[in-house]
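Report on the structure given below.
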Amino acid sequence: MIIQPAQAFESEFFSAIPTPLSQASEYYKKIVSLHKPVAEKFPLLKIVQLPKKVPVTAFIQGILLPREVIHELCLLPTQYALYGLPIYADIPENFQNVGIKVYDACKRIIWDNIPDQIKHCMPQNDFEKKYNIWRICTHKHTDIKPDNCVLNVLYSAYHLFLEYIRYEREHVFAIKCHPHGNLRGGKN
Numbered sequence: 010m011i012i013q014p015a016q017a018f019e020s021e022f023f024s025a026i027p028t029p030l031s032q033a034s035e036y037y038k039k040i041v042s043l044h045k046p047v048a049e050k051f052p053l054l055k056i057v058q059l060p061k062k063v064p065v066t067a068f069i070q071g072i073l074l075p076r077e078v079i080h081e082l083c084l085l086p087t088q089y090a091l092y093g094l095p096i097y098a099d100i101p102e103n104f105q106n107v108g109i110k111v112y113d114a115c116k117r118i119i120w121d122n123i124p125d126q127i128k129h130c131m132p133q134n135d136f137e138k139k140y141n142i143w144r145i146c147t148h149k150h151t152d153i154k155p156d157n158c159v160l161n162v163l164y165s166a167y168h169l170f171l172e173y174i175r176y177e178r179e180h181v182f183a184i185k186c187h188p189h190g191n192l193r194g195g196k197n
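Take 10 as the starting number for the sequence shown in my numbering and just add one per residue.
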């Protein structure tokens, strides 16, 4: 099994990710401009900023399920969890240069059951290992541009999720893989 029902959300892990901002007002302007496009394409995702004394980075949380999939499949709210992936996406201060970081928030993907050659996850740091949380490898860092640093990364994460569902059913993985980091240091 590769895909499983969502597990409990690791709130302690995710609440520790937001980092202090050096240019808060500029960052806020960029974040505000993301609300409408994210809501239009992914209505089950919300951009959240924790209220703190020291301003910190924002994040996206919710179920990763594009609006067009909801309409095309005529999904009922009770079906969202079946077709969507619960995510937490960190929006770093320099997200327009590095992209957002998308996490499998409720451990729906069983990464250990995915062959290395198609595993699209980043190596875990010590903090991620403590909670067994995985960051989905959605892009090559050289491909990130200011106009594709959020929506394209979200779509990429969703398409990887669909491929893992298909791989579990049919043992076919159709996405062209490129070299990127993985647990064992090999190339995918």
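Every residue gets a Cβ at the ideal spot worked out from N, C-alpha and C, and that includes glycine.
Spatial neighbours of Pro-52 in its own chain (CB-CB distance under 6 Å, excluding positions within 5 residues in sequence) are listed in chain order as Arg-76.
In this chain, the beta strand (DSSP E) harbouring Asp-99 covers 94 to 100.
Relative to Ile-56, the option among Ala-98, Ala-90, Gln-88 whose CA is nearest is Ala-98.
In the structure shown, Leu-85 falls within a coil segment according to DSSP collapsed to helix, strand and coil.
Cα atoms of His-80 and Gln-88: separation of roughly 12 Å, rounded to the nearest angstrom. The region 158 to 177 makes contact with the region 119 to 135: 3 or more CB pairs, one atom from each, lie closer than 8 Å.
Around the CB of Pro-124, fewer than 16 other CB atoms lie within 10 Å, so the residue is classed as exposed. Less than 7 Å divides the Cβ of Thr-66 from the Cβ of Ile-100. Rounded to the nearest whole angstrom, the C-alpha separation of Trp-143 and Phe-136 is 11 Å. Within a 10 Å sphere around the beta-carbon of Val-181 sit fewer than 16 other beta-carbons, which makes this residue exposed. Residue range 110 to 113 is occupied by the beta strand (DSSP E) that includes Asp-113. When the alpha-carbon of Ile-72 is set against those of Leu-43, Cys-115, Phe-23, Gln-32, the nearest one is in Cys-115. Residues of the same chain with a CB within less than 7 Å of the CB of Tyr-36, apart from the 5 flanking positions on each side, are Leu-30, Glu-102 in chain order. Note on geometry: alpha-carbon atoms of Ser-34 and Val-41 lie some 11 Å from one another. As summarised for the region 39 to 71, the continuous beta strand (DSSP E) elements at least 3 residues long and confined to that stretch are 54 to 57, given in chain order. A Cβ-Cβ contact shorter than 7 Å links Val-159 with Leu-43. Residues Phe-23, Ile-96, Tyr-97, Ala-98, Asp-99, Ile-142, Trp-143, Arg-144, Ile-145 of the same chain have their beta carbon placed closer than 8 Å to that of Tyr-112, with the five preceding and five following residues left out of the count. In the assembly as shown, Pro-86 is an exposed residue. Its beta-carbon has fewer than 16 other beta-carbons within 10 Å. In the structure shown, the three-state DSSP call for Arg-117 is coil.
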